[in-house]
Every structure is written in C-alpha cells, then in structure tokens.
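What follows is a short report on a single structure.
Protein chains in written order, with the working numbering: chain Y, 828 to 1023; chain D, 11 to 170.
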C-alpha cells in the first residue's frame, strides 16, 4: 500500500479512530491525540503494515489499542519526567470549559462515568459494538480474544450497564421519550442504518 | 430495549466526539510527535545517571580503603610510658584516655604447605576422652621372654 493511499484511508477513518483512541485512553483527549498521532506516524513510516488478513478498520483499531496500551504502560516513566509540569498545563488548557460541561447532558456524564467503572475488556467490546458498529467477530479480532470470550464480555457488560441504569434510574420510558423525541429518534435510527 | 438505550447513549457520545475531533492534518503536525519515543531517551538518561552514581560510589570506596590502609601502616602503636616514681614531679591524678587504635586489617596468610601439615597433625580436642586404662595393651604386641628356650623343650626335635 502506497503512502498516499494509506494517508487517504487514515483520513477516511480519522473520526472513528479518534473515538476509539479516546475510549482506549479513558476518554482523556490529550492522551488520545498523542496515541493517534504516534499511530499515524508509525503507519506512515512503515513500522506497522497492513497485511490484508482483516478489514483495514479492524486492523487500524487493533494498532490503536496496542499503542494506547503501550502508552499507558510507559505512564510511570512519563510521570518521572521533568516536563510533567508542562504536560499538566497542556492538559489543563485542553480540559472542558464550564460551558461545554453544561452543554453535555448530565446523563451522558453519568454514562461515561459508569463506563469507566467497567472492566477494560467489557468497556472495549461495548464501544466497538455500539459506537463503531462492529460485529462481535470483528470486535474479537480487534481485542485479540476469541469470539466466545468477546461474547461473554459483551453480555456481562450489558448486564452491568443495565444494573447501572436501574440503580441510577437513568431511564424510565417517559424520560427516554422526553430526551429522545420521535424526530431525533428517527434521525439516529437513520444514521445508524447508514453507518451499517 | 436495553440495547436500544445503550445504543442511544453511544450515539450521543459519538456526536460529541465528532464535534471535538481535531483535524487529521492538525493531529499529524501536532508538536511533540516523538512523544512515545521519549521512553527510550528517558531510560538512557536514567541509565547514564545510574552509571555515574555507581562509578562515584565505587571510586569513593576504593579511596577510603586506600586511605585507611595508609593510616595503619604509618601509625605504630605507642608503648605505654613507664613512670618513674622516684622523681619529684607529681603525677597528674586524671589519667588521659587512650586514643582508639586504628583497626588493622591483616589478610591471613594461607599457604598450601602449612595447611597440609596442619591437616596431618590434627587431632581431635576430645581425643583424650577415648583413652581408657590399659588401652596400650590393645595397641602393642605383647613380648614373650626367652621364647626359644621354652619352646625348644616342647617342640619335638630329631633326637626325640
């Protein structure tokens, strides 16, 4: 695969890649950007090559997942660096403003917090299936686990989210309707269908 | 139903993420591109610092040892002075405390010959406990007095 072709493919999947990187980095935007940038550089420099065994998106997601894991592993060394202070400043500058936090729905914040409590594998499988519309087989490939294992993680994750919903009273049907009115509901359904 | 609800939440999250996604070009040209390769540089830095510290520490130990050995060879233990009691000079009542002697490290001389002789001459320190009265009888052969005379009378010869 040529560099220009690869670049266009990366650009095509950029938004999804960013979402996946965010999920792998516990939704810290600065870390996600660093990870995604190093993934792109790694691919463009030919350090990782697509062999065509799976779809490009699945392969790209697995590269992002590995890079994010590597990034986390090196977090201890990173903390020892003298430039930590500088990084903290950068991170602070990129954190959400009060307005944007208000803009985000309260329920969404609660949901994201609930996701962070989930075990890593369960969080990953939910993200891949519901956010990126991957099948369980594709999700298993990205996560480098068997399909059976991925299915188990998926079921457990759903169960835990359901429990969270009951505990937090996140949704009763009337609230759900209120939040997602029919028009908006239809838009989401249409968008999901188009994504598939 | 739950799946639908989870899907909705994820859709909302996705919309938010899409709005906050930095552009592809901006991300590629972001400063600090080698941020993941820092680990190697920091490892090297820490390694260099550790090596320097080890070098300084070992040099300090060597210098200290050298210094202590030179002090031992230079200072000879002074003999206690004999005080002449017949002299008229009064003896001070307070005795000066002796200066602590430097510890002399003398490596033991171990020669092969000496160790061999020591092994051959070695005896158990509790060996005497095994000695019983009349023990010599078991270690020596009893001597007969004039055995030939007596036996000649018994042993038959040609004349008999």
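Note that beta-carbon positions come from the ideal geometry of N, C-alpha and C, so glycine has one too.
Sub-7 Å separation of residue i and residue j beta-carbons
i               : j              : result
residue 981(Y)  : residue 31(D)  : no
residue 862(Y)  : residue 890(Y) : no
residue 963(Y)  : residue 978(Y) : yes
residue 990(Y)  : residue 937(Y) : no
residue 1071(Y) : residue 28(D)  : With chain Y covering 828 to 1023 only, the question about residue 1071(Y) has no answer from this structure.
residue 802(Y)  : residue 885(Y) : Absent from the model: residue 802(Y). The displayed extent of chain Y is 828 to 1023, so no value can be given.
residue 988(Y)  : residue 66(D)  : no
residue 34(D)   : residue 933(Y) : no
residue 945(Y)  : residue 984(Y) : yes
residue 958(Y)  : residue 24(D)  : yes
residue 935(Y)  : residue 22(D)  : yes
Where residue i falls, given that 16 or more other Cβ within 10 Å makes a residue buried
i              : result
residue 872(Y) : exposed
residue 969(Y) : buried
residue 864(Y) : buried
residue 153(D) : exposed
residue 137(D) : exposed
residue 146(D) : exposed
residue 835(Y) : exposed
residue 37(D)  : buried
residue 20(D)  : buried
residue 902(Y) : exposed
residue 898(Y) : buried
residue 130(D) : exposed
residue 190(D) : Within the shown structure, residues of chain D are numbered from 11 to 170, placing residue 190(D) beyond reach of any answer.
residue 952(Y) : buried
Cut-off 6 Å between Cβ atoms - residues of its own chain near residue i, not counting five sequence neighbours on either side
i               : result
residue 950(Y)  : 942
residue 961(Y)  : 955
residue 113(D)  : none
residue 1024(Y) : Since the displayed chain Y opens at 828 and closes at 1023, residue 1024(Y) lies outside it and no answer follows.
residue 888(Y)  : 847 and 969
residue 948(Y)  : 980
residue 150(D)  : none
residue 892(Y)  : 851
Same chain, Cβ closer than 7 Å to residue i, five either side skipped, listed in chain order
i              : result
residue 833(Y) : 870 and 871
residue 859(Y) : 845, 848, 849 and 852
residue 874(Y) : none
residue 881(Y) : 968
Cβ neighbours of residue i in the same chain (closer than 8 Å, five flanking residues each side left out)
i              : result
residue 974(Y) : 963, 964 and 967
residue 144(D) : none
residue 900(Y) : none
residue 853(Y) : 943
residue 840(Y) : 883, 884 and 887
Completely contained alpha helix (DSSP H) runs for the region 838-918 of chain Y, where each covers 4 or more residues: With a minimum length of 4 residues, the continuous alpha helix (DSSP H) runs that stay inside the region 838-918 of chain Y are 841-851, 856-871, 883-900 and 902-907.
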